[in-house]
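Worksheet: one structure, shown below.
4 protein chains.
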Amino acid sequence: MKAYRIRHGEKIDGLQLTDIAEHPLDPYEVKVAVKAVSLNYRDLMVAEGAYPVKVDTPVIPASDGAGEVIEVGSQVTRVRVGDRVAASFFPRWLEGQPDQVKIRSSLGGDVDGMLGQAVTLHEDALVNVPQDLSYLEASTLPCAGVTAWNAIFEVSSVQPGDSVLLLGTGGVSILGLQMAKAAGLRAIITSSSDEKLERARALGADETINYRAVPEWQEEVLRRTDGRGVDVVLEVGGEGTITRSLASTAVGGTVAVIGGVSGFGGELNPFSLVTGASRMVGIYVGSRAMLEQTAGFFSGAGIKPVVDRVFPFAEAKEAYRHLKSGAHFGKVVIDVTK
Amino acid sequence: MKAYRIRHGEKIDGLQLTDIAEHPLDPYEVKVAVKAVSLNYRDLMVAEGAYPVKVDTPVIPASDGAGEVIEVGSQVTRVRVGDRVAASFFPRWLEGQPDQVKIRSSLGGDVDGMLGQAVTLHEDALVNVPQDLSYLEASTLPCAGVTAWNAIFEVSSVQPGDSVLLLGTGGVSILGLQMAKAAGLRAIITSSSDEKLERARALGADETINYRAVPEWQEEVLRRTDGRGVDVVLEVGGEGTITRSLASTAVGGTVAVIGGVSGFGGELNPFSLVTGASRMVGIYVGSRAMLEQTAGFFSGAGIKPVVDRVFPFAEAKEAYRHLKSGAHFGKVVIDVTK
Amino acid sequence: MKAYRIRHGEKIDGLQLTDIAEHPLDPYEVKVAVKAVSLNYRDLMVAEGAYPVKVDTPVIPASDGAGEVIEVGSQVTRVRVGDRVAASFFPRWLEGQPDQVKIRSSLGGDVDGMLGQAVTLHEDALVNVPQDLSYLEASTLPCAGVTAWNAIFEVSSVQPGDSVLLLGTGGVSILGLQMAKAAGLRAIITSSSDEKLERARALGADETINYRAVPEWQEEVLRRTDGRGVDVVLEVGGEGTITRSLASTAVGGTVAVIGGVSGFGGELNPFSLVTGASRMVGIYVGSRAMLEQTAGFFSGAGIKPVVDRVFPFAEAKEAYRHLKSGAHFGKVVIDVTK
Amino acid sequence: MKAYRIRHGEKIDGLQLTDIAEHPLDPYEVKVAVKAVSLNYRDLMVAEGAYPVKVDTPVIPASDGAGEVIEVGSQVTRVRVGDRVAASFFPRWLEGQPDQVKIRSSLGGDVDGMLGQAVTLHEDALVNVPQDLSYLEASTLPCAGVTAWNAIFEVSSVQPGDSVLLLGTGGVSILGLQMAKAAGLRAIITSSSDEKLERARALGADETINYRAVPEWQEEVLRRTDGRGVDVVLEVGGEGTITRSLASTAVGGTVAVIGGVSGFGGELNPFSLVTGASRMVGIYVGSRAMLEQTAGFFSGAGIKPVVDRVFPFAEAKEAYRHLKSGAHFGKVVIDVTK
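From first to last, the protein sequence lines are chains A, B, C and D. Numbering-wise, the numbering used here puts 103 at position 103 of the first sequence, and it's gapless, one number per residue. If you count the second sequence from 1, you need to add 338 to reach the numbering used here. If you count the third sequence from 1, you need to add 676 to reach the numbering used here. If you count the fourth sequence from 1, you need to add 1014 to reach the numbering used here.
Have a look at this one:
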């Protein structure tokens, strides 16, 4: 059994394929044969050494994966051998509001993640994957899907008919678009590519804006919303976007700050929040309960997470590079079985 | 009958005492003999020309006042002649979330405010003042009291036992301290004056921090909260306070951005919100319903808004200057009857 | 100009076609040429004398109607001549939680309603109708649509993927089904008619149960939800349904009590709420803000309220009788223009 | 080491003092030397065989206890030897909304409770007790304190200044009174004893009503609230109280149904919820997080749970009988160390 390992900051080329040491399971541990792993900007941040939580020893990277339970400890009750499961980003944030203890450890950050042929986790970190989601699809949800869910349905109190603005066509934005539409929201999305905007429209986007063609895209957002602005923005980061996002928001609306590899340029004057009674909320992925809800919603609503491209396990570095290029539309996935 | 008027940006000396023109009341109008007016930083912003909503013509300044109903229009049902009333900051924000229409007009901003011997308002702008609040006390609530209420009890979902951080000893902070303690919250307050901190402690403050003695006061806040941070900060503005406020906040906590005459210096990196799952919420005063709740709470809990000093009507400019000096502890009030 | 009038308790045959007296508009009044009126069980309750709010004089019945603004008072700002509008059930419940004042008056209950060729209302009672809803469609929303909205999206904190149980195929249930599906919820519906269940399935119902074939339908609900129960039940009343509804509900779930002409038989032991940590919430229609959200959601999601049958103005009594028969699927509407 | 045991339904005399078998701790187990146990009506229900969850074998009764950690399993991180702890009513309901799994097991119901000199529990079931609460005081909180907290602060969205009605002077009502006052709420309490009402007034009750002197006490509640009614009722059960509780509630208010040994007499017509837009919510104690908040609130606000009478361990049956007599005011506690 093999797994990739990486030291924080060693860049993509630091990814090493290593043997996994075997050990007998503790009473609450579960061994999972990983089938698929999905990458996030956050995994690039780990490789670049830009992730806020660090460790000195090499870790198995990547938070997002799905697989099959192949062995369970003596006290395990949540899953059984043969179950299809996904792992939760924060193994100890089970539900409710976050706190220091819950967010201390994250898969592929300070503790081993999912980019291996087998991983061993506490049973509390796992959720069952609905039958109608494939392993490739399910692997996209723990970080990107939950982040979008949290931003739209948890920190914002959206009601059906409200509007959401998605910036770009990366994983969080596209999964957010899919969920927003399935939940009866109005969705506006931006991209620098008309072709990607066309694909977004096919996924249900009500309004599309090419931010290269319209640099002052916040004005266009206002125009498309009768001057009112959107209820929620999924702010995934970028040079100078935060002030435009805030300007795109309705009175009392929410900018969900997600961040990403490119960071935020420009300054923000906090007073600009006051006259719009606006809210900016940091989204640090989410809880296991949110993962269960996200997976259940994709399954129940019959929507399939958009997978941009699938790489075999041996080509993990190429998958990272593809993500870094920004050429993708939706999620970049590694098929661990190939 | 006389009223002060001022043009935006004409400074404190621009305050002019003028005659009020009389006109017959419209069916829904109410005429109030003003008894007391309380000043806010926002009134200094109007005088300085720094208030975001402007008009070219002189306005009667000041949003916060209380008085007695002396005449009512033919259709008025909310109040009767003889009622003791206070006016709501936004005459059209009656309840619920704010929107563009509700916050378009504010007393003493773009429409006439309260600094006169008599004012005429739509009945919807008025609330009844509980018997056990004097006019001087009631006049402190519409902007400062409601702002503190909104920050603590509306945008933050505090529960009894949660903690709140108050910056300085101005009107919003002291009214916030009084309400926080009466609601079973833990209160930490800062000041550059040990004497003011002593007075805050007498009002119930659980922890006091002299930010001159402890410039890195955010570390002290963490120390006094077992490293956890507070649930809510009332951020009233100041050089470089916003990053310290954010650092003082618990995971998932809220910085209520209130702003003020001194503005915000320093930069804020939005990504700093992410790893703490923190929230920054702009507080633009609040609704008439919040004013009713605030007044009812002060009355029911038997707490009296702290009045720093009372000036007679003729000395309105001195009252403005006293507020501007920052020497006050609690609210600066003008007794219109003297 | 004609309008129907009825005294509470005079039965359907008590409906009288009468002339409308003309009067000049007050400053805030609006005159509407009614185009369509939709009936509710509540209108049958008025006719039967079973409605809790009564008056002795004849009233124009029916709360739900839509039409065109033909004249406005001097101070009106919310609407203009030519606007397409619908009226809100409670003219004074604009938004937020209900209180005694807000729910004192209801159209077609204690004050004149919509079943006339023209009606005069305070501007606050009106909302604009989105262009893509016809008058016939828009007329179905003020009572039935808002009731379903309130039950599903206000008093219950449903999230996408949650489940809702709808009892029967009357107006509230069918509009609730349409909204639930458009909002990404799982919908289970009951009926005594397989044909109606088939139509409900065509509208998106995930599960259908014939309660005549399965008298212990609560057990079937549990079976279809893996023993968990549904998150929300829209309890529209009926012999012995309340205990079955409660038994169909998940731990922590909500029974939205709507009531209706047939009343509730059987007893309810309040202790049965405890062990399921269940909630029963009375739904008394809703606010003007909910009507705006409901209309906006139908419009934005591209769903059309199901109209069962349209009667001409002259056949209003037949429309009442058709509703009373229970044969309908969706809403019974009167076209006032025919 | 000794513990009481009882079979469901064997009455108070069925309590047997038995030896506790020793066993080595599992990795996540904690052994607690119990210092104090507090009784609840629910413990009488177990003795009477009226508790909804039953087992055939004898159980150690009582959910509410506090003590000192004397041994921990190898993986325990939540507590250390020497810690002062209390146990949570539902060992598996850690936080968030309840579900079937979380409320399946309760201490002293289907699994062993606290009425012994030592108990062994999973670490997840324990919370730390603040230093300024004695063991006797802390033992009152897990069922009675959490029930009152849940009813007032979780299921009802009370704001400071809102009103709460407490029925009688049992444990839940008195702890509820204490918390309500410390949180800035207005409290109305009923009793058949003027002497008890006098004691309640000393604890801060704003209004007291002798329900023997005023059988139609709901009318008196309305009178004392200007005809509006209260925001929340803590309905602890009794002959015909539920309809009076509902009649005492403001439009949109909440009846928190707690139940108790005397049950509910009389019928409830669900339609009565509709016209008041009222809510009835079943309170099934609460989560570990609520216990932490309750204990933290009592500690931070400096309030001491009212202990009616303390019995030595050997007189546990007398303690049960005293509770059953209804003569108490506040909590009945057993000092396990005496």
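All C-beta atoms in this analysis are idealised placements derived from N, C-alpha and C, irrespective of residue type, glycine included. Bear in mind the structure is a predicted one, so any value in this text is a computation, not a measurement.
Is it buried or exposed for residue i, if we count other Cβ within 10 angstroms and need 16 for buried?
i	result
residue 1233 (chain D)	exposed
residue 498 (chain B)	buried
residue 751 (chain C)	exposed
residue 343 (chain B)	buried
residue 1014 (chain C)	exposed
residue 928 (chain C)	buried
residue 694 (chain C)	exposed
residue 902 (chain C)	exposed
residue 874 (chain C)	exposed
Shortest alpha-carbon distance to residue i belongs to which of the options?
i	options	result
residue 698 (chain C)	C:790, C:723, C:880, C:795	C:795
residue 371 (chain B)	B:352, B:437, B:454	B:454
residue 995 (chain C)	C:982, C:1011, C:832, C:981	C:1011
residue 350 (chain B)	B:619, B:385, B:503	B:385
residue 632 (chain B)	B:590, B:472, B:476	B:476
residue 975 (chain C)	A:130, A:91, A:186	A:186
residue 576 (chain B)	B:593, B:597, B:559	B:597
residue 345 (chain B)	B:383, B:469, B:507	B:383
residue 1042 (chain D)	D:1263, D:1223, D:1092, D:1291	D:1092
residue 1302 (chain D)	D:1034, D:1083, D:1143, D:1038	D:1143
Taking the Cβ atom as the reference point for each residue, do residue i and residue j lie within a distance shorter than 8 Å?
i	j	result
residue 834 (chain C)	residue 908 (chain C)	yes
residue 489 (chain B)	residue 463 (chain B)	no
residue 333 (chain A)	residue 307 (chain A)	yes
residue 172 (chain A)	residue 246 (chain A)	no
residue 64 (chain A)	residue 38 (chain A)	yes
residue 177 (chain A)	residue 213 (chain A)	no
residue 277 (chain A)	residue 155 (chain A)	no
residue 1181 (chain D)	residue 1250 (chain D)	yes
residue 1343 (chain D)	residue 1188 (chain D)	yes
residue 434 (chain B)	residue 381 (chain B)	no
How far does the alpha helix (DSSP H) with residue i in it reach, from first residue to last?
i	result
residue 998 (chain C)	992-1001
residue 135 (chain A)	135-138
residue 175 (chain A)	171-182
residue 559 (chain B)	555-562
residue 324 (chain B)	As displayed, chain B neither begins before 339 nor continues past 676, which places residue 324 (chain B) out of reach and without an answer.
Nearer than 7 Å: is that true of the beta carbon of residue i relative to any heavy atom of the ligand FMN?
i	result
residue 775 (chain C)	In the structure on display, the ligand FMN does not appear, and there are no ligands present to speak of.
Along chain B, which residues have their Cβ under 8 Å away from the Cβ of residue i?
i	result
residue 789 (chain C)	Neighbours of residue 789 (chain C) on chain B: none; closest Cβ ~22 Å, over 8 Å.
Can you give me the start and stop residues for the beta strand (DSSP E) that residue i sits inside?
i	result
residue 362 (chain A)	The question about residue 362 (chain A) has no answer, for chain A in this structure spans 1 to 338.
residue 1055 (chain D)	Run containing residue 1055 (chain D): none in the beta strand (DSSP E); it sits in the alpha helix (DSSP H), 1055-1062.
residue 253 (chain A)	249-257
residue 409 (chain B)	402-410
residue 839 (chain C)	839-843
residue 29 (chain A)	29-38
residue 884 (chain C)	883-886
residue 1009 (chain C)	1007-1011
Can you pull the chain B residues whose beta carbon is under 9 Å from the beta carbon of residue i, in chain order?
i	result
residue 1006 (chain C)	Going along chain B, no residue has its Cβ under 9 Å from residue 1006 (chain C), so there is no contact; the nearest lies around 31 Å.
Taking residue i as the query, report the chain D residues whose CB atoms sit under 7 Å from its CB, ordered along the chain.
i	result
residue 973 (chain C)	Ordered by position in chain D, no residue passes the 7 Å Cβ test against residue 973 (chain C), which lies about 21 Å from the chain.
residue 638 (chain B)	1175, 1200
residue 491 (chain B)	1173, 1174
Can you name the residues of chain C whose CB is closer than 8 Å to the CB of residue i?
i	result
residue 627 (chain B)	772
Counting only Cβ pairs nearer than 7 Å, list the residues of chain A close to residue i.
i	result
residue 1041 (chain D)	27
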